[in-house]
Amino acid sequence: MLSKIKVSLITKDEQNLEAPPAEQKESVLLIQLSTKETYHRLIDGFVRACLSVLLFLFSTVSSYAGITKENLGHFYQSIVSVHTSVLSNARTAASLGIKREGNGVAIDETHILTIGYIIIEADRIEIGLPDGRRFPATIVGYDHTSGFGIVKPVIPIKFNPLPLGDSDTIDSNEDLLILPAVERGAGSIVRSVSRRPFAGWWEYFLKSPIYTVPANGLWAGAPILNQHGEILGLGSLFVSEAIPSVSSPGNMSVPINILKPILQDLISHGRRKNKIQPYIGISSDDRNDQITVTGVSKGGPAFNAGIKPQDVVLTVNGSQVSNLTAFYQKIWNSGEAGEAIELTVLRDGAILKFNIISVDRMDYFVKPRSF
273 MLSKIKVSLI TKDEQNLEAP PAEQKESVLL IQLSTKETYH RLIDGFVRAC
323 LSVLLFLFST VSSYAGITKE NLGHFYQSIV SVHTSVLSNA RTAASLGIKR
373 EGNGVAIDET HILTIGYIII EADRIEIGLP DGRRFPATIV GYDHTSGFGI
423 VKPVIPIKFN PLPLGDSDTI DSNEDLLILP AVERGAGSIV RSVSRRPFAG
473 WWEYFLKSPI YTVPANGLWA GAPILNQHGE ILGLGSLFVS EAIPSVSSPG
523 NMSVPINILK PILQDLISHG RRKNKIQPYI GISSDDRNDQ ITVTGVSKGG
573 PAFNAGIKPQ DVVLTVNGSQ VSNLTAFYQK IWNSGEAGEA IELTVLRDGA
623 ILKFNIISVD RMDYFVKPRS F
């Protein structure tokens with residue numbers, strides 16, 4: 273029995289994220305493999321295809337002079353697909369769906385680093401190896417502040433890990449790789465074009481994420497690697513303006529350096545043990561220079577206190593706020609989870625005050641078995 277594996281690498285000049293997959297201009301190789309052929313044969317064929325494209329495009333670029341079939345193959349051995357299902361009553365089911373998938377990368381012989389929204393509240397997790405095999409896995413740790421998650425297979429598997437790099441020293445002229453898992457599709461050659469703050473409507477803030485172009489459509493949990501195979505970040509979002517105020521479709525990735533101080537906590541305890549930000553359960557936006565509540569998490573602190581959608585937040589603990597960054601900073605500067613947060617809001621022409629008892633977001637999520 274033969275199976276077909278589509279192998280492609282999207283180049284900077286060729287990707288059109290808006291086009292349907294069949295219309296994207298990709299360098300494609302169809303490899304026919306016996307299902308009994310070894311893992312190394314599959315990797316060898318895939319890497320040969322990727323390497324031929326890389327060498328053709330970048331034969332004159334000194335930063336990729338060291339790329340070989342052997343080291344590219346080593347990179348792919350460390351990257352897996354991550355597939356999860358979430359119960360319909362999970363807190364994140366409505367916003368993130370009950371079926372999720374993305375990528376992950378081995379950071380030691382046991383653990384896979386992925387982006388947290390793929391695995392949070394997962395009732396079932398599988399990881400897919402480059403040879404096509406899948407294994408059940410379980411959540412090891414999750415951190416909402418950074419967005420990272422860690423899983424491991426239920427049965428012992430010895431991975432070939434990639435080292436953690438230094439995300440603070442990325443050169444804008446340095447060619448990087450975004451590599452999704454083999455079974456999920458195409459990797460991309462990208463460059464970092466911006467390191468500016470990001471504030472998300474879901475009580476999320478990153479001081480210096482990595483913005484890259486061109487966009488890779490399989491970004492979720494895909495590692496950003498340098499030519500040495502060092503992990504510099506993990507794909508989190510598609511963005512329309514990777515370059516500020518310029519139409520520049522790209523990806524935003526979480527820098528790996530913010531994982532390092534909490535890595536052992538996540539592995540040993542499943543969560544960070546200090547600097548736990550207070551969570552109040554509000555979705556909001558800051559258009560028109562004001563904080564408007566767009567959603568309130570049912571059963572969360574703000575919901576229980578009486579905050580409603582369309583409320584306009586005027587002050588946090590007596591200080592005026594008009595953008596998401598200031599809003600979050602005022603909340604988080606109040607102390608750790610458990611602190612009382614006073615919000616003054618405008619509702620139907622009336623000014624109202626609410627006292628919200630914050631929580632650790634990890635305690636708010638549903639925690640099912642994840643294998």
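Residue 412 in my numbering sits at position 140 of the sequence shown, and the numbers go up by one each step.
Even glycine gets a Cβ: it sits at the ideal position worked out from N, Cα and C.
Option nearest residue i by Cα separation, candidates the options
| i | options | result |
| --- | --- | --- |
| S556 | I579, I539, Q549 and L538 | I579 |
| F448 | I603, T587 and L344 | Per the sequence presented here, residue 448 reads as Leu, with Phe not at that position. Per the Cα distances, L344. |
| Q582 | Q562, G590, Q601 and P573 | Q562 |
| Y483 | R633, R406, P527 and V377 | P527 |
| V454 | D635, I422, V352 and V565 | V352 |
| A609 | N361, N546, T364 and D537 | N546 |
| I387 | V358, G501, Y414 and A574 | Y414 |
| L618 | R363, I427 and V565 | V565 |
| W474 | S569, G459, H500 and L504 | S569 |
| P433 | A366, F347 and P452 | F347 |
| K625 | V638, T597, V584 and S606 | V584 |
| I427 | R405, F420 and P435 | R405 |
| F420 | P486, S520 and Y476 | Y476 |
Proximity of residue i and residue j at Cβ, strictly below 8 Å
| i | j | result |
| --- | --- | --- |
| N523 | I450 | yes |
| N589 | I613 | yes |
| E226 | K424 | This structure cannot settle anything about residue 226, because the visible part of the chain is limited to 273 through 643. |
| I496 | L504 | yes |
| A409 | I397 | yes |
| A362 | V638 | yes |
| G644 | V354 | Residue 644 is absent from the model: the chain starts at 273 and stops at 643. |
| N498 | G459 | no |
| I399 | G376 | yes |
8 Å CB neighbourhood of residue i in its chain, flanking five on each side removed
| i | result |
| --- | --- |
| V333 | The predicted position of V333 is uncertain, since its pLDDT is 43 and thus under 50; no value can be drawn from it. |
| T364 | V358, Y389, I392, E393 and F637 |
7 Å Cβ shell around residue i - same chain, five flanking residues per side excluded
| i | result |
| --- | --- |
| V511 | Y483, G522, N523 and M524 |
| H383 | V412, I422, K424 and I539 |
Own chain residues within Cβ distance below 6 Å of residue i, not counting five before or after
| i | result |
| --- | --- |
| R372 | T356 and I390 |
| L478 | F470 |
| W491 | G507 and N523 |
| S331 | Since pLDDT at S331 reaches only 44, below the 50 mark, its modelled position is unreliable, and the value read off the structure follows with that caveat. Counting only Cβ-Cβ distances below 6 Å, and skipping sequence neighbours, we find nothing. |
| S591 | K602 |
| L596 | A471 and D558 |
| T587 | T616 |
| P452 | N375, L490 and A494 |
- [ ] Can you check the stretch 592-629 for any alpha helix (DSSP H) of at least 4 residues that lies completely inside it and give the ranges in chain order?
- [x] Segments of the alpha helix (DSSP H) lying fully in the stretch 592-629: 596-604.
key: Contact between the stretch 437-447 and the stretch 461-469 (3+ Cβ pairs under 8 Å)   = yes
Exercise for review: Note down, one range per segment and in chain order, each alpha helix (DSSP H) of at least 4 residues found wholly within the stretch 501-551.
Suggested key: 535-541
Could you give the uninterrupted runs of the beta strand (DSSP E) lying entirely in the stretch 419-446, keeping only those of 3 residues or more? 420-425
Tell me, please, whether the stretch 536-556 touches the stretch 625-633 by the rule of three or more beta-carbon pairs shorter than 8 Å.
yes
query = Should the stretch 529-547 be regarded as contacting the stretch 593-601, the criterion being three or more beta carbon pairs within less than 8 Å?
reply = no
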